[in-house]
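In my numbering, the protein residues as written are 33 to 186.
Given below as C-alpha cells:
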C-alpha cells in the first residue's frame, strides 16, 4: 500500500510540476509556490548547502538583497544542493537563517541550468526564464544588485 501511495504521489508531483500552470512545487514550509509569484520576474537563484561555509556567510547578504528587491519585479530564491526535503529542508533553512523562499524542487531542468559541482553558485534568470549570468562563489547583496541592474539595463 505504501509503495502504491508513493507511486501515486510521484505521478501527481510529476503532473503538477510538468503540466498546467507550471507551479514551482512547494517552499521550505510546504507552501505552494505559484507560477504567478515567479513568472515574469527576474530571479536570483542561489544553490546552497548546510555544510558549505561560504554559503553560510552569503545567506545574510541574500536576505538583505531579497528585502531590497521587494516591489522591483525581482526576487531571491534558494535551492538546497543536497535536495533535502520536508522537515529537513525547513530545519536546514532555519539553521542558516534563510528568510527568502527556498524551492523544495530543483528548477534546474526548467531553466536549463548548467550543473555546478561547486558551491555556492548563483544564477540570474531574466523575466522570460532565460539564464543571463552564472556567478560562482560567495556573493554580496551590492554585487548581485549591480549585476542585476546592469543586465536589466538600469
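Each residue gets a CB set at the ideal place from its N, CA and C atoms; glycine is no exception. Computed from a predicted structure; not experimentally measured.
Three-state secondary structure assigned by DSSP to residue i
i           : result
residue 150 : coil
residue 110 : strand
residue 133 : strand
residue 165 : strand
residue 176 : helix
residue 138 : coil
residue 115 : coil
residue 77  : strand
Beta-carbon gap between residue i and residue j smaller than 7 Å
i           : j           : result
residue 173 : residue 96  : yes
residue 78  : residue 110 : yes
residue 134 : residue 71  : no
residue 183 : residue 164 : yes
residue 94  : residue 108 : yes
CB contact check: residue i to chain B, cutoff 7 Å
i           : result
residue 121 : As a matter of chain content, chain B is missing from the structure shown, which is built from one protein chain.
Reference residue i, options the options, closest by Cα
i           : options           : result
residue 176 : 75, 86, 131, 84   : 75
residue 150 : 113, 143, 67, 128 : 113
residue 99  : 132, 141, 70      : 132
residue 143 : 130, 129, 160     : 160
residue 102 : 83, 73, 129       : 73
residue 61  : 83, 180, 125      : 125
residue 129 : 66, 117, 81, 181  : 81
residue 57  : 170, 118, 178     : 118
residue 86  : 69, 68, 168       : 168
Exposed unless 16 or more other CB atoms sit within 10 angstroms - verdict on residue i
i           : result
residue 166 : exposed
residue 171 : buried
Would you call the region 147-164 and the region 79-95 in contact, with 3 or more CB pairs under 8 Å? yes
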